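A.B. asks: Residue numbers (my numbering), protein chains in the order written: chain A, 79 to 409; chain B, 79 to 409. Note that beta-carbon positions come from the ideal geometry of N, C-alpha and C, so glycine has one too. Quick caveat: nothing in here was measured; it's all calculated off a predicted structure.
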DNA sequence: ATTCAGATTGCAACCGGTTGCAAAAATTGT
DNA sequence: ACAATTTTTGCAACCGGTTGCAATCTGAAT
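1) How should residue 313 of chain A be labelled, buried or exposed, when 16 other C-beta atoms within 10 angstroms of its C-beta is the threshold for buried?
2) With three or more beta-carbon pairs closer than 8 Å as the criterion, would you say the stretch 80–94 of chain A touches the stretch 117–126 of chain A?
3) For residue 317 of chain A, count neighbouring Cβ atoms within 10 angstroms of its own Cβ and tell me buried if that reaches 16, exposed if not.
4) Is there a Cβ from chain B that is less than 8 Å from the Cβ of residue 170 of chain A?
5) Who are the near neighbours of residue 291 of chain A in its chain, counting only those whose CB is closer than 6 Å to its CB and skipping five residues on each side?
6) CB-CB under 7 Å to residue 150 of chain B, same chain, minus the five flanking residues each way: which ones, in chain order?
7) Specify the secondary structure class of residue 350 of chain B as computed by DSSP and reduced to three states.
8) From residue 167 of chain A to residue 131 of chain A, what does the alpha carbon distance come to, in whole angstroms?
9) Flag residue 158 of chain B as yes if its beta-carbon sits less than 8 Å from any beta-carbon of chain A, otherwise no.
10) Counting only beta-carbon atoms, is residue 117 of chain B nearer than 8 Å to chain A?
11) Among A/329, A/319, A/153, A/334, which has the Cα closest to the Cα of residue 248 of chain A?
12) Of all Cβ atoms in chain A, is any one closer than 8 Å to the Cβ of residue 370 of chain B?
13) In whole angstroms, give me the CA-to-CA distance for residue 185 of chain B and residue 145 of chain B.
14) So if I threshold CB-CB distances at 8 Å, which residues from the stretch 171–205 of chain B count as touching chain A?
15) Distance check for residue 389 of chain B and residue 93 of chain B, CA to CA, integer angstroms please.
16) Going along the chain, which residues of the stretch 333–359 of chain A sit with their C-beta nearer than 7 Å to a C-beta in chain B?
17) Can you give me the Cβ contacts of residue 333 of chain A inside the same chain, cut-off strictly under 6 Å, excluding the 5 residues immediately before and after it?
18) Quick check for students: name the residue ranges of the beta strand (DSSP E) that lie wholly in the stretch 299–375 of chain A, counting only runs of 3 or more.
19) Mind checking which residues open and close the alpha helix (DSSP H) that includes residue 232 of chain B?
20) For a test of the three-state rule: what should DSSP assign to residue 213 of chain A, helix, strand or coil?
21) Kindly list, in the order they appear in chain B, the residues whose Cβ is closer than 7 Å to that of residue 299 of chain A.
22) Can you list the alpha helix (DSSP H) stretches of 4 or more residues lying completely in the stretch 221–261 of chain B, in chain order?
23) Tell me, please, which residues DSSP counts as bridged to residue 472 of chain B.
24) Just grab the DSSP bridge partners of residue 293 of chain A for me.
25) So, under 8 Å CB-CB, residue 372 of chain A and residue 269 of chain A are touching, yes? Tell me the CB distance rounded to an integer number of Å.
26) How about residue 218 of chain B: is its C-beta nearer than 8 Å to some C-beta of chain A?
27) Along the chain, where does the beta strand (DSSP E) containing residue 196 of chain B start, and where does it finish?
28) So what does DSSP say about residue 281 of chain B, is it helix, strand or coil?
29) Straight-line CA distance for residue 331 of chain B to residue 256 of chain A?
30) Which residue comes first and which comes last in the beta strand (DSSP E) that contains residue 174 of chain A?
31) Along chain B, in chain order, which residues have C-beta atoms closer than 7 Å to that of residue 128 of chain A?
32) Considering only the beta carbon of each residue, do residue 396 of chain B and residue 271 of chain B sit closer than 8 Å?
33) Would you say residue 165 of chain B lies against chain A (beta-carbon separation less than 8 Å)?
34) Should residue 303 of chain A be flagged as near chain B, meaning a C-beta pair shorter than 8 Å?
35) Report yes or no: is there a C-beta of chain B within less than 8 Å of the C-beta of residue 260 of chain A?
36) Measure from the C-beta of residue 102 of chain A to each C-beta in chain B and report whether the shortest distance is under 8 Å.
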């Protein structure tokens, strides 16, 4: 069906090796034969079969991009960045949707079958088992948006969620809120756990601050809204640190439909700074995760891990930043 | 590095063919050898190399999933559906981000190099040239969310945008709006052109209705907002059919920040019914595109095209449906 | 026990490339 | 012009599988 090496070789009147070498850089081919080959190739519409070559070179340039975050708009931005970056680097993302998948084995097997060179696990809610499974199978893996650990057993790129929690707390305290709420994401997620830890650490250190906490069932609009509605039924705090932006938007919706408004009646601070956060009708004060840097660094790290497959596991952290908009009262 | 056929064969004390046949269904292997092979395979942790086998079978089960829509939240849903469906069918999506890409050639070449079995072009704004390029290269392709044509030259799955336009117009007329606006997406997009045609067709047929039109620069929040702000500077219509939901949300934001509100001062109807449309703080009346069906049908069609590669190009249309929420006045 | 069809097996060639090696060609120096 | 290098080239084996074919094995029927 497709044009092969051999046909090009015949047409150009050279050996198959000559053709092959024309398309592998660093190989020695005279300008003359290269010309002949390129001419023949063009006439035949030849392009080398990357998969066949991967057989001998052991490199497919395929990167498994795996995630279970297909409902958080932030991840559309993340996918956009990942695909572009990988493409720029000549790598190809093989996308794996892990929603509802609990068994690392089957996805591991699949990615092995396709001999991906490496894997990027992009999720803050995926169990560390997944990344671990790839690591154990000696496939270079980086866990993006994963949990920071001072002695990680796989490469991790992300933010220090504990510090994010602290940052949120300080921001709220600075604005004079005395009764503060932590409206966390799903209890199981490491991101939730860490943010809570940092948040409470700061709050407890402050004097005379009341805290309350609760968790939403997921990092989603509905969950955020539901959780906030429940808060509003009882006595609510003056301001909340919400699990993430999309939850925050849910919470804002709950606030508005209860006839209240932010920041007048309740303050909200989110986390992520996804595109929507700056939409004028949302205007959410939030903590920005530098997703572009995280993505770029993840790609860079996975490439480095490709080179040296027993590179020591490394954690790369990026700092977050409060983005002041309209859902907290001024300082 | 990885365990190969040969090693398993040696360990199991059988020929390489026997091992191979154990993993290709329909092949003849006695239960006894199969047992032996499976035992050896398990002990060695063997899993067949899909890429190597693709060499001889000519099938990679790789499907190019290409899009330029990485900023419209609808497409996160679309990617979710596509990846899941493809996975269910044992196919693997190789994701290609075509944002900023204007030349079909280079992506064509890349997908050829990876010998994808087929390609799904998921976009309503991508020029038909792309799908055409794959078709010409004899790669089965289906254009999802593409333009309907009664004699398409590639497979198309989507909605009849002309009919969507009519539906929007009828909906507005039924609610007694007399001065109606078409706030289209980017002028170049075929979806915009078609929706406009259907919309105006119905409006013109009605008596005593005033129309005005304008276009946003993109199917995006910002573009929708900007376009609506411009409308509000002059004399605006009583209700608008917006290019899509995300534009509608931008328009609503413009309306609110001008101190007006929907549906009291201005009616808005969107298109897509993306998840956000039903968020309580948005509550957008819109026309639902049945994306699940479109996706499933696209996958089914691409698989059929795999079987019979010169299957006659086919257009599959799904009907849309008005989803009544809170941005149009009641009937 | 013999025959025979059907099932199972291994051999060997092939898929589309890459690459070490030795021979051939081109270049350099004298 | 000749030897010593350096570059370029083709051969052939290999990457990890698949598959047509002929040989072998199996079990049922006679």
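C.D. replies: Let's see:
1) For the purposes of this step, residue 313 of chain A is taken as the residue at position 235 of the first chain. With fewer than 16 other Cβ atoms within 10 Å, it is exposed.
2) By the Cβ test, the stretch 80–94 of chain A is in contact with the stretch 117–126 of chain A, since at least three Cβ pairs between them sit closer than 8 Å.
3) Residue mapping note: residue 317 of chain A aligns to position 239 of the first chain, counting from 1. When all chains shown are included, residue 317 of chain A counts as buried.
4) As a first step, residue 170 of chain A is located in the first chain; it is residue number 92 there, counting from the start. With its beta carbon less than 8 Å from one in chain B, residue 170 of chain A belongs to the interface.
5) Along the first chain, one-based indexing puts residue 291 of chain A at 213. Result list for residue 291 of chain A: 260, in chain order.
6) By 1-based counting over the second chain, the position of residue 150 of chain B is 72. When the five nearest sequence neighbours on each side are left out, the beta carbons in the same chain lying within less than 7 Å of the beta carbon of residue 150 of chain B are those of 297, 324, in order along the chain.
7) If you number the second chain from 1, residue 350 of chain B lands on position 272. Note: residue 350 of chain B maps to strand in three-state DSSP.
8) Counted from its first residue, the first chain places residue 167 of chain A at position 89. Counted from its first residue, the first chain places residue 131 of chain A at position 53. Using only the alpha carbons, I get a separation of about 18 Å.
9) Here residue 158 of chain B refers to the residue found at position 80 when the second chain is read from its first residue. Answer yes: the Cβ-Cβ gap between residue 158 of chain B and chain A drops below 8 Å somewhere.
10) Locating residue 117 of chain B in the second chain gives position 39, counting from the first residue. With a threshold of 8 Å between beta carbons, residue 117 of chain B makes no contact with chain A.
11) Working through the first chain from its first residue, we reach residue 248 of chain A at position 170. Taking the Cα of residue 248 of chain A as reference, the smallest distance to any Cα among A/329, A/319, A/153, A/334 is reached at A/319.
12) Taking the first residue of the second chain as 1, we reach residue 370 of chain B at position 292. Cβ-Cβ to chain A under 8 Å: no for residue 370 of chain B.
13) Numbered from its first residue, the second chain carries residue 185 of chain B at position 107. Numbered from its first residue, the second chain carries residue 145 of chain B at position 67. Roughly 11 Å separates the two Cα atoms.
14) Listed in chain order, the positions of the stretch 171–205 of chain B with a beta carbon within less than 8 Å of a beta carbon of chain A are 171, 172, 173, 174, 175, 177, 187, 188, 190, 191, 192, 193.
15) On the second chain, position 15 is the one that residue 93 of chain B refers to. On the second chain, position 311 is the one that residue 389 of chain B refers to. Those two C-alpha atoms are separated by around 39 Å.
16) Taking 7 Å as the Cβ-Cβ cut-off against chain B, the residues of the stretch 333–359 of chain A that qualify are 334, 335, 357, 358, 359.
17) As a working note, residue 333 of chain A is residue 255 in the first chain. Same-chain partners within the cutoff: 340, 344.
18) The stretch 299–375 of chain A contains, as complete beta strand (DSSP E) runs of 3+ residues, the segments 317–320, 345–350, 364–366 (chain order).
19) Your numbering for residue 232 of chain B matches position 154 in the second chain. In the DSSP assignment, residue 232 of chain B falls outside any alpha helix (DSSP H) and carries neither an H nor an E.
20) Taking the first chain and counting its residues from 1, one reaches residue 213 of chain A at position 135. Helix at residue 213 of chain A.
21) Counted from its first residue, the first chain places residue 299 of chain A at position 221. 357, listed in chain order.
22) Restricting attention to alpha helix (DSSP H) runs no shorter than 4 residues, the stretch 221–261 of chain B encloses them at 239–252, ordered along the chain.
23) Because chain B is modelled from 79 through 409, residue 472 of chain B falls outside the range shown and cannot be assessed.
24) Taking the first chain and counting its residues from 1, one reaches residue 293 of chain A at position 215. Per DSSP, A/262.
25) Stepping through the first chain from its first residue, residue 372 of chain A is reached at position 294. Stepping through the first chain from its first residue, residue 269 of chain A is reached at position 191. With 8 Å as the limit, residue 372 of chain A and residue 269 of chain A do not qualify as a contact, their Cβ atoms being about 13 Å apart.
26) Here the question's residue 218 of chain B lines up with position 140 in the second chain. No, no contact with chain A.
27) Counting from 1 along the second chain, the entry for residue 196 of chain B is found at position 118. According to the DSSP assignment, residue 196 of chain B belongs to the beta strand (DSSP E) that extends over 196–200.
28) As a position in the second chain, residue 281 of chain B is number 203, starting the count at 1. Secondary structure of residue 281 of chain B (DSSP, three-state): helix.
29) As a first step, residue 331 of chain B must be located in the second chain, where it is residue number 253. As a first step, residue 256 of chain A must be located in the first chain, where it is residue number 178. When rounded, the distance between both Cα atoms is 32 Å.
30) The residue you call residue 174 of chain A lines up with position 96 of the first chain. Looking at the DSSP string, the run of the beta strand (DSSP E) that includes residue 174 of chain A is 170–175.
31) Position 50 of the first chain, counted from the first residue, corresponds to residue 128 of chain A. Close to residue 128 of chain A, with beta-carbon spacing below 7 Å, are these residues of chain B in chain order: 191, 192.
32) By one-based count along the second chain, residue 396 of chain B stands at place 318. By one-based count along the second chain, residue 271 of chain B stands at place 193. No, these two residues do not count as a Cβ contact at 8 Å.
33) Residue numbering aside, residue 165 of chain B sits at position 87 when the second chain is read from its first letter. Answer yes: the Cβ-Cβ gap between residue 165 of chain B and chain A drops below 8 Å somewhere.
34) Within the first chain, numbered from 1, the residue matching residue 303 of chain A stands at position 225. Interface annotation, residue 303 of chain A: in contact with chain B, CB-CB separation under 8 Å.
35) Sequence index remark: in the first chain, residue 260 of chain A carries index 182 (1-based). Taking Cβ atoms only, chain B never reaches closer than 8 Å to residue 260 of chain A, which makes this a no.
36) Mapped onto the first chain, residue 102 of chain A falls at position 24. Answer no: the Cβ-Cβ gap between residue 102 of chain A and chain B never drops below 8 Å.
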